[in-house]
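Residue numbers (the numbering used here): -11 to 292. Reviewing the structure listed below.
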Amino acid sequence: MRIVTLALAVAMLAAPVLAQQAAAPPTSLVREGVTEKLTDHVWAIPDGSASLVPNVGIVVGSKAVLVIDTGLGARNAQTVLKEVAKVGAGKPIYLVTTHVHPEHDLGAHAFPADSKLIRSKDQDVDIAASGMNLANVFASRSELNKELLQGATYRKGDISFDKDYSLDLGGVTAKIIAVGPNHTLGDTVVFVDGVLFSGDDAMRPQPSVMAQGATLTHWLATLDKLDALKPTHVVPSHGPRGDASIIAGYRTYFKKIQERVGALKKAGKTQDDVVEAVTDEMVTQYPDRARLGGAIRAAYAEAK
Ligand SMILES: [Zn+2]
């Protein structure tokens, strides 16, 4: 009797966990029918924190629509376009990407031919430097990714900008700003109607310092710039949305790393020693060791 009761109790405990797992959004696929309205002009398709899925932005003015990020490959772009049709049917489409990594940018080729892709010059540099390297890595990870990336190529921009670009959509203007090198050289953020699409430059998950020559000093200056916009909503390119506290979280993380790395370097420690020591200090709170290591190495290189 006791055993049966125990088994039942275990089953009851396990049930919600299983239900949660079943409801977890799929990897690599932008979801249909979950688009949420944030302001009079701004919608977002949440990623549900699924890997290789971006949070997609849709901004609707009286004259035109701006889409922020495409999803991985043509199939995801089609899903995004279905959602766009629900909130901005028939309007000319502009497209911008937060950076050129595949799940953000490699659906652009599947957007309508008359849509206009807005690219920073830095994104052109990233594409020229890395091409399909990361796409090939993603494609090798699963059959689905391989299928999604079939025929994908980087689309050439229709509108090119250097540092920033203002786009009047009719009754609402999007400010598009190049902020790299941080996660990539071509990091791009969009501020519109109080909503900041912050790319990988401010998220809840730990930052991935990947750009050639990226420094924490530059990333911290970027965070100051983002804060100065005084966003009411922050929609990062991955993970939960929130407010400006998302920006503050990155500042805390980078400042702590800068301070600890600076002190240890001054004390004569090697880079390897510093990576090990600071990772040990911070890994309980910030569990992604690879991302910690990347940030610590960048901080070590720039520390006096
Ligand atoms: Zn990325």
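By construction, the Cβ of each residue, glycine as well, lies at the ideal position given by its N, Cα and C atoms. If you're wondering where the values come from, they're calculated on a predicted model, not measured in any experiment.
Closest by C-alpha distance to Lys79, out of Ile33, Thr58, Lys51, is Lys51. Between the region 168 to 183 and the region 104 to 113, the count of Cβ pairs shorter than 8 Å is three or higher; the stretches touch. Within the region 128 to 193, the runs of beta strand (DSSP E) that reach at least 3 residues and sit entirely inside it are, in chain order, 147 to 149, 152 to 156, 161 to 166, 176 to 180, 183 to 187.
In this structure Ile46 touches Val75 by the C-beta definition: roughly 6 Å separates them, less than 8 Å. In this structure, Asp28 lies away from Pro42, with their beta-carbon atoms at least 8 Å apart.
Non-local C-beta neighbours of Ser154 in its own chain, meaning closer than 6 Å and more than five positions away in sequence, comprise Thr161, Lys163, ordered along the chain. For the pair Leu214 and Ser233, the CB atoms are not nearer than the 8 Å cut-off. DSSP places His206 in the uninterrupted alpha helix (DSSP H) bounded by 204 to 216. Around the beta carbon of Thr220, a 10 Å sphere encloses fewer than 16 other beta carbons of the protein chains shown; the residue is thus reported as exposed.
Spatial neighbours of Asp231 in its own chain (CB-CB distance under 8 Å, excluding positions within 5 residues in sequence) are listed in chain order as Pro219, Thr220, His221, Val222. In the displayed model, Leu83 falls within a strand according to three-state DSSP. Not one heavy atom of ligand 1 lies closer than 7 Å to the C-beta of Asp93.
Cα atoms of Val48 and Lys254: separation of roughly 52 Å, rounded to the nearest angstrom. In the structure shown, His226 falls within a coil segment according to DSSP collapsed to helix, strand and coil. Here the region 81 to 96 lies against the region 140 to 148, with 3 or more beta-carbon pairs under 8 Å apart.
Boundaries around Arg107 are those of the beta strand (DSSP E), 104 to 108, since no alpha helix (DSSP H) includes it. By the Cβ neighbour-count rule, Arg129 is exposed, with fewer than 16 other Cβ atoms within 10 Å of its own. Judged by DSSP secondary structure, Gly45 falls within the beta strand (DSSP E) whose first and last residues are 44 to 48.
Ala32 is bridged by DSSP to Glu24, Gly45. Taking 7 Å as the cut-off, one finds at least one heavy atom of ligand 1 near enough to the beta carbon of His89. The beta carbons of Val55 and Leu83 sit closer together than 8 Å. Taking a cut-off of 8 Å on C-beta distances, the region 176 to 183 does not touch the region 130 to 140, as fewer than three cross pairs fall below it. Taken atom to atom, the span from the alpha-carbon of Ala209 to that of Gly282 is near 18 Å. Per the C-alpha coordinates, the member of Phe179, Pro13, Ala38, Phe99 positioned closest to Lys70 is Phe99. Between His226 and Met191, the C-beta spacing is below 8 Å. The C-alpha of Arg107 is placed about 16 Å away from the C-alpha of Asp156.
With respect to Thr15, Leu40 sits close: the two C-beta atoms are nearer than 8 Å. If you draw a straight line from the Cα of Arg239 to the Cα of Val72, it comes to about 34 Å.
Under a 10 Å Cβ-count criterion, Asp150 is classified as exposed, with fewer than 16 other Cβ atoms of the shown protein chains found around its own Cβ.
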